[in-house]
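Visitor: Below is the structure I would like to discuss, written out as C-alpha cells.
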Amino acid sequence: MSRRIIVIGGGAAGLSAAASAAESGASVTVLERLPRVGKKILLTGNGRCNLGNTHLNAENYHGTFPHGMQIIQQFDSGRFFRGMGLYTRTDPEGRMYPASGTAASVLDALRFRAEQLGVQTLCGKQVTGLKHTGAKWQVFCGETAFSADAVIAAAGGNAAPNCGTDGNLLPVFKRLGLTVIPPKPALCPIPTDPAAVRPLKGLRVRAEASASVGGKRLRTERGEVQFTDTALSGICIFNLSRIAAMHGERTEIVLNLLPDYSEGECAEILRELLAQRGDLPAGDLLSGLLPKRIGEVWIKAALGTANAAAGELLHAEAAQQRLLSLLRGRRFPVTGLASFAQAQVTAGGIAGQCLTKTLEAKGLPGLYFCGELVDFDGDCGGYNLTWCWASGKLSGRNAAESIYHVRK
Ligand SMILES: Cc1cc2nc3c(=O)[nH]c(=O)nc-3n(C[C@H](O)[C@H](O)[C@H](O)COP(=O)(O)OP(=O)(O)OC[C@H]3O[C@@H](n4cnc5c(N)ncnc54)[C@H](O)[C@@H]3O)c2cc1C
1096 MSRRIIVIGG
1106 GAAGLSAAAS
1116 AAESGASVTV
1126 LERLPRVGKK
1136 ILLTGNGRCN
1146 LGNTHLNAEN
1156 YHGTFPHGMQ
1166 IIQQFDSGRF
1176 FRGMGLYTRT
1186 DPEGRMYPAS
1196 GTAASVLDAL
1206 RFRAEQLGVQ
1216 TLCGKQVTGL
1226 KHTGAKWQVF
1236 CGETAFSADA
1246 VIAAAGGNAA
1256 PNCGTDGNLL
1266 PVFKRLGLTV
1276 IPPKPALCPI
1286 PTDPAAVRPL
1296 KGLRVRAEAS
1306 ASVGGKRLRT
1316 ERGEVQFTDT
1326 ALSGICIFNL
1336 SRIAAMHGER
1346 TEIVLNLLPD
1356 YSEGECAEIL
1366 RELLAQRGDL
1376 PAGDLLSGLL
1386 PKRIGEVWIK
1396 AALGTANAAA
1406 GELLHAEAAQ
1416 QRLLSLLRGR
1426 RFPVTGLASF
1436 AQAQVTAGGI
1446 AGQCLTKTLE
1456 AKGLPGLYFC
1466 GELVDFDGDC
1476 GGYNLTWCWA
1486 SGKLSGRNAA
1496 ESIYHVRK
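Structural data, given as C-alpha cells:
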C-alpha cells in the first residue's frame, strides 16, 4: 500500500521535496497556506530567478547545519531542471538562470513535474500543529487533521512575509523539543546614520565594503553600493548584512571608494588633481574619479565644507590626509536591523544540531526539514535556491525511503 508523506509549504524546497518523494513511490500531499504555490519563486532574481551558481563554495554558506555543503556538492541545479524540461543559461559570474529568462518557467517546471507524479496540492491549508502518535504523524490545519507516515517541513523562513513566510510554525517545532536559532533578516539593506547617507540618496558607486566588528574586518566585498535615505544597500552590502544582524550596533561598514589603488597611488592621484583642478570649487575636484555628488559629500565630511576652491581647502598636508583616509575607509555605524519585509533570506531557524545528515529531526522519526526553515543560508547569487532544491530533493527521497524500508 502506498504510504503518505505530507509536505508543509509549497515553495522552492517543498515542491522539490514533493516531486522527489513521489519519484520514490510515496503518495504525496502538499499543504500550502496561500491560495497558490510558489509565490516567492516568481519574485526571485527580479522575476528572472537566479536558480543556481556554478561556484558553490563553503564561504558562500552560513549557519549551524554541518552537512549543508555536502548536500549541495552532490547536487547539480542544471541537471535537476533539465530533467524537467527546463533549460538554463549561466552568466560570466557563474549565476544560472532559466533559458526563458523568466521565473514563471521555473515554477511551471516544478508544478508540471509534481502533477505528472500525482502529487496532490491543497492550497489555502495553513498547518497549525503536529503530533507524533506511534509510527504516524497527525498534521493539523485548525480543526482538520491529516494523517501521514512522514512529514517534510518546508514552510520557509521569516523573510518576505507577504509570501506566506513569517515563522508561524517555529513555536510548534519548539514544542516538539527542537532548538530554534532566533531568526534574523539577511540579504537586506543595512540601516545606518541617516545624516551620513541622506545627502547621497539614490546614488550608486563601485566600492569595497567591509563589515568590521570591534575594529576587526570580518568580511570584505566589492561591488556597487547604493545609498538610500536611511541605509546602505546593493548586493555587496546584502552579503554583509548577516554579520550586521548577528553583531548589531557593534558593527561598522567601512567603504573604500578607491579600492583599485594603493595608498601611495591615491596620494599621487590627489596631488595630480590638485595641480589640475586646484582653482575649481572643491566639489568639482573628484568628479573625474567619482560621481560628482559623492566626491562633494566626502569632501564635506572630511573638511567640514566644500564651499571654497579645492586648492585652498586642501592646501595643508593634514587636510589631504583626512580626505584620503575618508576616501579609503569611511565608517558607517550600523544603527539597527532591516525588517523581514526588506530581507531576501532568514539567518536562523531550526538548529543544525537537531537534524541528522538525512535532514530528519533527531528523536522525531519521520519528521524532515528542508529549505530556508533550516539554519543554513547563502549569499546573493543563486545560493539559497540551490540549497532549497538540493535539501528538498534529499529530504523527499529520504522520507520516502524511511517509510518503505525502515518503518514498514
Ligand atoms: C525578493 C526575493 C528575491 C530572491 N531572489 C533569489 C534568487 O534570485 N536566487 C536565490 O537563490 N534566492 C533568492 N531568494 C531567496 C529564495 O527565494 C528563498 O530562500 C527560497 O525561496 C526559500 O524557499 P523555501 O521553499 O524554503 O520557502 P518559501 O519559498 O518561502 O516557501 C515556503 C512556503 O510555505 C508556506 N507556509 C508557511 N507556513 C505555512 C503553514 N503553516 N502551513 C502551510 N504552508 C505554509 C508559505 O506560504 C510558502 O509558500 C530571494 C528571496 C526574495 C524574497
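Residue 1285 in my numbering sits at position 190 of the sequence shown; the count goes up by one each step and never skips.
Cβ atoms here follow ideal geometry from the backbone N, Cα and C, with glycine treated the same way.
1) Closer than 7 Å: is that where the CB of leucine 1468 sits relative to any heavy atom of ligand 1?
2) For isoleucine 1498, collect the residues of the same chain with a Cβ closer than 6 Å to its Cβ; drop the 5 residues on either side in sequence, then sort them by chain order.
3) Within 10 Å of its beta-carbon, does tyrosine 1182 have 16 or more other beta-carbons around it, so buried, or fewer, so exposed?
4) The alpha helix (DSSP H) with methionine 1179 in it runs from where to where?
5) What does the Cβ neighbour count give for serine 1115, buried or exposed, with the cut at 16 atoms within 10 Å?
6) Just verifying my parser: in three-state terms, what is the DSSP assignment at phenylalanine 1268?
7) Closest to glutamate 1127 by CA distance: which of Gly1219, Asp1186, His1162 is it?
8) With a CB to CB cut of under 7 Å and the five nearest residues on each side skipped, what residues in its chain are close to lysine 1503?
9) Going by CA-CA distance only, name the one from Asn1145, Pro1376, Ala1199 that's closest to leucine 1409.
10) When every heavy atom of ligand 1 is checked, does at least one fall within less than 7 Å of the C-beta of arginine 1423?
11) With a threshold of 8 Å, are at least 3 pairs of Cβ atoms found where one atom belongs to the stretch 1303-1313 and the other to the stretch 1340-1355?
12) Helix, strand or coil: which one does DSSP assign to isoleucine 1498?
13) If contact is defined by three or more beta carbon pairs under 8 Å, each pair taking one atom from either stretch, is the stretch 1136-1146 in contact with the stretch 1416-1433?
14) Check the C-beta distance from glycine 1458 over to glycine 1224 and give it rounded, since I have them as a contact under 8 Å.
15) Just verifying my parser: in three-state terms, what is the DSSP assignment at arginine 1372?
16) Valine 1222: beta carbon under 7 Å from a heavy atom of ligand 1?
17) Give the DSSP bridge partners of phenylalanine 1080, in chain order.
18) By the three-class DSSP mapping on this structure, what secondary structure does proline 1284 have?
19) Output needed for glycine 1476: all residues of its chain with C-beta closer than 7 Å, excluding positions within five of it in sequence on either side, in chain order.
20) Thinking just about the alpha-carbon of each residue, which of Thr1453, Ala1401, Leu1313, Leu1353 is nearest to the one in histidine 1162?
21) How about leucine 1509 and leucine 1398: are their beta carbons less than 8 Å apart?
22) Could you pull the DSSP bridge partners for glycine 1473 from this structure?
23) Buried or exposed for glutamine 1439, going by 16 or more other Cβ atoms inside 10 Å?
24) How should glycine 1178 be labelled, buried or exposed, when 16 other C-beta atoms within 10 angstroms of its C-beta is the threshold for buried?
25) Is glycine 1224 helix, strand or coil by DSSP?
26) Looking only at its chain, what residues have a beta carbon closer than 6 Å to the beta carbon of glutamate 1455, apart from the 5 residues adjacent to it on each side?
27) I'd like to know whether the C-beta atoms of alanine 1411 and aspartate 1374 end up nearer to each other than 8 Å.
28) Rounded to a whole number of angstroms, what is the C-alpha to C-alpha distance between aspartate 1474 and leucine 1282?
29) I need the straight-line Cα distance from cysteine 1465 to threonine 1260, nearest angstrom please.
30) Is the number of C-beta pairs between the stretch 1480-1499 and the stretch 1156-1173 that are closer than 8 Å three or more?
31) The alpha helix (DSSP H) spanning valine 1392 covers which residue range?
32) Based on DSSP bridge pairs, tell me the residues matched to threonine 1124.
33) Short of 8 Å in beta carbon distance, which residues of its chain neighbour tryptophan 1232, apart from the five on each side in sequence? Order them along the chain.
34) List the residues that DSSP assigns as beta-bridge partners of tyrosine 1192.
35) So glycine 1329 is in the alpha helix (DSSP H); what residue range does that whole segment cover?
36) If you follow the alpha helix (DSSP H) that proline 1428 is in, where does it begin and where does it stop?
Guide: Inspection of the coordinates gives the following:
1) yes
2) Arg1098, Asp1244, Ala1245
3) exposed
4) It is not in any alpha helix (DSSP H) - methionine 1179 carries neither H nor E in the DSSP assignment.
5) buried
6) helix
7) Gly1219
8) The predicted model places lysine 1503 with a pLDDT of 42, which falls under 50 and marks its position as unreliable, so this point remains unresolved.
9) Pro1376
10) no
11) yes
12) helix
13) no
14) Glycine 1458 to glycine 1224, Cβ: 18 Å. No contact.
15) helix
16) yes
17) Because the chain spans 1096 through 1503 in this model, residue 1080 falls outside it and cannot be assessed.
18) coil
19) Asn1145, Asn1148, Arg1190
20) Thr1453
21) Here the chain has residues from 1096 to 1503 only, and residue 1509 is not among them.
22) Tyr1156
23) buried
24) exposed
25) strand
26) Tyr1463
27) no
28) 7 Å
29) 14 Å
30) yes
31) 1387-1398
32) Ile1101, Gln1215
33) Ile1101, Leu1225, Lys1226, Ser1242, Ala1243, Asp1244, Ala1245, Val1246, Gly1461, Leu1462
34) Arg1184
35) Counting along the chain, glycine 1329 falls outside any alpha helix (DSSP H), and DSSP gives it neither H nor E.
36) Careful: proline 1428 lies outside any alpha helix (DSSP H), inside the beta strand (DSSP E) at 1425-1428.
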